[in-house]
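Chemist: Residue numbers (my numbering): 2 to 214. Just dropping this structure here.
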Ligand code: DGP
Ligand code: NA
Ligand code: NA
């Protein structure tokens with residue numbers, strides 16, 4: 002508490018994974034835990050369906066509107082860009098942000114469509130320059146297990162074959178910064194792993210430089 006805390010930046014902790022991997026539950030539990038131990042933490046999610054761009058995305062995902070795949074890809078990216086200033090301000094003010102999906106989903110879901118011209122490099126280009134997460138927690142779950150959790154819902158991408166390809170695209174993007182966790186274990190055991198990773202990252206960011214682009 003006090004003046005020194007204002008100069009400490011918050012951590013940007015990102016959850017990624019296929020639909021139904023448990024990201025939403027785990028990200029909520031993590032924020033509750035961090036708050037309970039005195040960390041200023043907030044849950045964010047992308048797409049943020051509350052903005053004007055987000056409402057277009059919501060109409061597209063719920064199949065109320067059709068749209069060009071490339072144009073939609075750019076809108077998903079724009080939805081992250083429009084939150085950039087607020088995201089950086091929150092981190093700089095010392096708030097830890099636990100984020101449910103971000104640019105890796107952006108790349109994985111469009112690249113999974115395997116459309117001519119929309120290759121990995123094209124998919125990655127619009128997100129270049131966005132704030133980078135301090136940690137990426139990837140919840141790994143087979144598509145069989147994801148479907149066994151009650152099956153996918155009715156949104157645009159909740160189809161078995163596409164989700165398989167999304168998982169392959171995520172796998173191709175993994176690097177040393179990713180924490181790949183087995184999402185088929187119990188919710189409580191998974192939460193313990195998540196919590197340990199997050200607490201390390203929060204501590205590291207308290208000592209580290211300000212986030213930049
Ligand atoms: P969610 O609200 O987390 O269930 O995400 C909605 C769906 O949109 C889900 O199938 C993942 C997908 N999605 C999330 N971000 C992006 C993105 O940037 N681009 C594309 N094409 N799809 C995305
Ligand atoms: Na979903
Ligand atoms: Na989302």
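We treat Cβ as the ideally placed atom computed from N, Cα and C, and that holds for glycine.
Would you decide whether residue 195 is buried or exposed? Buried here means 16 or more other CB atoms lie within 10 Å of its CB.
Modeler: buried
Chemist: Spell out a yes or no on whether the segment 60-68 and the segment 146-160 are touching, meaning 3 or more CB-CB pairs, one atom from each, closer than 8 angstroms.
Modeler: yes
Chemist: Need the endpoints of the alpha helix (DSSP H) that residue 111 sits in, please.
Modeler: 104-112
Chemist: Grab me the residues of residue 184's own chain with a C-beta within less than 7 angstroms of its C-beta, minus the 5 sequence neighbours each way, in chain order.
Modeler: 18, 22, 23, 140, 141, 142 and 191
Chemist: Determine, using beta carbons only, whether residue 170 and residue 109 come nearer to each other than 9 angstroms.
Modeler: Between residue 170 and residue 109, the gap from beta carbon to beta carbon is short of 9 angstroms.
Chemist: In angstroms with no decimal places, state the Cα-to-Cα distance between residue 129 and residue 161.
Modeler: The straight-line gap from Cα to Cα measures roughly 29 angstroms.
Chemist: If you draw a straight line from the alpha carbon of residue 114 to that of residue 39, how long is it in whole angstroms?
Modeler: 42 angstroms
Chemist: Beta carbon of residue 145, beta carbon of residue 27: below 9 angstroms?
Modeler: no
Chemist: Quick one: residues in its chain with C-beta nearer than 7 angstroms to the C-beta of residue 73, no 5 flanking neighbours on either side, listed in chain order?
Modeler: 61
Chemist: Enumerated in chain order, which unbroken segments of the alpha helix (DSSP H) with a length of 4 residues or greater are wholly contained in the segment 14-47?
Modeler: 24-37
Chemist: What do you reckon, is the C-beta of residue 166 under 8 angstroms from a heavy atom of ligand 1?
Modeler: no
Chemist: Is any heavy atom in ligand 1 found nearer than 8 angstroms to the beta carbon of residue 104?
Modeler: yes
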